[in-house]
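Colleague:
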Amino acid sequence: MEVLSVREQYQVMEESLRERLDQLVPQAMREHEVDLWVVACREYNEDPVFRALFPPAYPTARRLTMVAFAADGRRWSLSMPDEGLEPYYTQYWRVREEDQMSALNRLCAELEPTTIALNVSKTTSFADGMTTGVFHMMQEGVSEQWVKRMRSVDDLVVDVMGRRTPTERRVYPHVLDAAFSVIDAMYTPEVVKPGVTTCADLEWFMRQRVRDMGLGYWFEPTMDLQRRGTGESRSYGTIEAGDLIHCDFGIRYLGVCTDTQRLAYVALPGEDGLPDDYARGMKTNNRFQDIVRENMVPGRTGNEVFTSSIGQAKAEGIQAMLYSHPCNLYGHGPGPTIGLYSNQAEIPVQGDFKLACNTTFALELNTTSKSANGEETVFYTEETVYLDEDGVRFLHPGRETITVIH
């Protein structure tokens, strides 16, 4: 697959940034009753939200980068003047006349905000990007009356980062196409050679393929296998005919992330297709995916989705685990956690965030099915999905398929 040129990628990300600044930021500020939102961070110690608020040609903070937002849509830069920021922010800091905290103090006096949001949080790292040093600078350089009005508003940051812009919604399927071009190229007899190819070989294949496309992955791709008769749901080493192989893979492209787990079966000599027990197991896995989708309703918390989905799976006799998460500007992105692999229960705080429309998730889970002789197989799957008022939809086809490699 041919990815967009660097110029085209920048154009897409710049368009998305304008939409986020013009639409999502003021909307979220009004919803959470924030009058002024101040984001400040130092070079090479950027706030996690930095990626959501700055253009691709401004990849790091410079000295102390500081911007401020009003709920009516106005926004200012209290940073060093930079032509890369001019299309997005009004320059407010008078560099030769005052220091940055004096400029912030002047802005507060002009606006007289009741609530000033800062990214200092005890509950989520995505809303905790302001360092202690920068916060102390504000305490020392801004009038006490404004400091008293500063507080953490976690949901504001989560919403700004978690909700997708119209442009991101439009290009996300293209981003998934890029990711799946790597998986599709890997799950072939030219690449997977029984008795020769190792799981590590396929991990290196994914790494190299992504780099050759000029892209990056947000976590190291992994590969494992299940082999009949071993009793192990995840093994590593040389791949043999009859193995069920499993990849976990995610890229970053056009400013957003993917997260995918897909399965392939390495056929035995003379086999034409997928063994019946694997086909049945995948059908059960798809059913559990649909159960979770039905429960992912905007306004519900991640914990509510987890409890309802697991309860419904048990009622239908499905042995399942659920550990889904937002996947957006970050692979494990801001938003509601829906179970954890290491903790199949309601998750305090992170699971209490509510699902919102126009958000993307990694629908990550597994189900266990038995063959006729009682041997268990675990089906690990993960699909990047989109949630809006009409429900959850997959961003790439083929979730019901186990690729057969002959």
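Sequential numbering of the sequence shown, starting at 3, is according to this note's numbering. Idealized CB from N, CA, C, for every residue including glycine.
(1) Can you tell me which of Ile320, Pro271, Gly275 puts its alpha carbon nearest to the alpha carbon of Asp292?
(2) Flag this pair as yes or no: are the beta carbons of Val294 and Glu170 separated by less than 7 Å?
(3) Exposed or buried, which one is Glu205 when buried takes at least 16 other CB atoms within 10 Å?
(4) Who are His248's beta bridge partners in DSSP?
(5) Specify the secondary structure class of Thr207 as computed by DSSP and reduced to three states.
(6) To the nearest angstrom, report how far apart Phe355 and Phe52 are at their CA atoms.
(7) In the structure shown, what three-state DSSP assignment does Ser7 receive?
(8) In the DSSP output, what is Gln321 paired with across the bridge?
(9) Give every residue of the same chain whose Cβ lies closer than 6 Å to the Cβ of Glu402, excluding the five residues on either side of it in the sequence, and list them in chain order.
(10) Between the Cα of Asp392 and the Cα atoms of His327, Asn345, Ala358, which residue gives the shortest distance?
(11) Put Pro328 into one of helix, strand or coil per three-state DSSP.
(12) Under 7 Å between the Cβ atoms of Phe381 and Ile340?
(13) Report the residue ranges of all beta strand (DSSP E) runs contained in full by the region 4-70; include only those spanning at least 3 residues, in chain order.
(14) Within 10 angstroms of the Cβ of Leu38, are there 16 or more other Cβ atoms? Answer buried if so, exposed if not.
(15) Ends of the alpha helix (DSSP H) at Trp148?
(16) Nearest to Gly143 by CA position, among Arg108, Thr361, Ser123, is which residue?
(17) How would you label His408, buried or exposed, when you count the other beta carbons within 10 angstroms and need 16 or more for buried?
(18) I need the straight-line Cα distance from Val387 to Phe363, nearest angstrom please.
(19) State buried or exposed for Gly304, treating a residue as buried only when at least 16 other CB atoms are found within 10 Å of its CB.
(20) Among all the DSSP beta bridges, which residues are the ones paired with Gln93?
Modeller: The relevant details are as follows:
(1) Cα-wise, what sits closest to Asp292 is Ile320.
(2) no
(3) buried
(4) Asp226, Leu265
(5) The question names Thr, yet the displayed sequence has Phe at residue 207. Here Phe207 sits in helix by DSSP.
(6) 21 Å
(7) coil
(8) Thr370
(9) Asn288
(10) Ala358
(11) strand
(12) no
(13) 38-44
(14) buried
(15) That run of the alpha helix (DSSP H) goes 146-149.
(16) Arg108
(17) Burial call: exposed.
(18) 5 Å
(19) buried
(20) Ser79
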